[in-house]
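**Q** Provided herewith is a single structure, encoded as structure tokens, for subsequent inquiry.
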Amino acid sequence: MMTLTSQDKTELYFSSLPGQGVIYNVIVRDPKWNTSAAYVPVHTYACSLSALVNNCYTFRRLSTKIFFTNLAFLGLFVCFLGHRFWKTGLFFNGFIFKAFFLFIIITKESALSYDATLGLTAAAGIIGALLLVGYWWRFGLVIPCMLIVGLVLGSLVSSAFFFTPVGDY
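Each residue of the sequence shown is one higher than the one before, counting from 1 in the UniProt record's numbering.
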């Protein structure tokens, strides 16, 4: 419950758990005239019931849990042992770089199922990772490889930045 005066900003943000239905209602009360009005209630499930990718059941799927658990373990490995295992770090960053862009393209341009999209994303990520490691192995140039690593870091930083309230403007 929130009480606002006439000078307060009338934007409110609420957290919702995906898949759990919530009904919000706004009641406006005027203390000067001692009147009140109820506005139309709004409901949300914090997810789309009809979308193929960002629906209410995406996080409950076994394929999602396996895929992202493996990525989390590999990310922790690279985080703590990154430069000791240079080629593994390159492999991981090449995977992220290629998989990220292909996931966006597949989701936007095709009507594949979620598991097919996840499988194609993983396959493309592995191909991108092998290409980056192969480029390093063949030419040994650091700058293009570090460009990919920097682009992945920039994407992570910008995503974290726009997740803050600054991204709401």
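Where is the CB? At the ideal position from N, CA and C, for every residue including glycine.
1. Let me know the secondary structure DSSP gives Y39 once reduced to three states.
2. If you draw a straight line from the alpha carbon of G128 to that of K9, how long is it in whole angstroms?
3. In whole angstroms, what separates the C-alpha of C47 from that of T58?
4. Rounded to whole angstroms, what's the CA-CA distance from S110 to T64? Just pull it up for me.
5. Going by C-alpha to C-alpha distance, which of L81, S158 and F97 sits closest to L147?
6. Can you tell me where the alpha helix (DSSP H) with V142 in it begins and where it stops?
7. Where do the N-terminal and C-terminal ends of the alpha helix (DSSP H) with R138 fall, by residue?
**A** Inspection of the coordinates gives the following:
1. Here Y39 carries a coil assignment [DSSP, helix/strand/coil].
2. 47 angstroms
3. 10 angstroms
4. A direct Cα-to-Cα measurement between S110 and T64 gives close to 19 angstroms.
5. Nearest of L81, S158 and F97 to L147, Cα basis: F97.
6. In this chain, the alpha helix (DSSP H) harbouring V142 covers V142 to F163.
7. Y114 to F139
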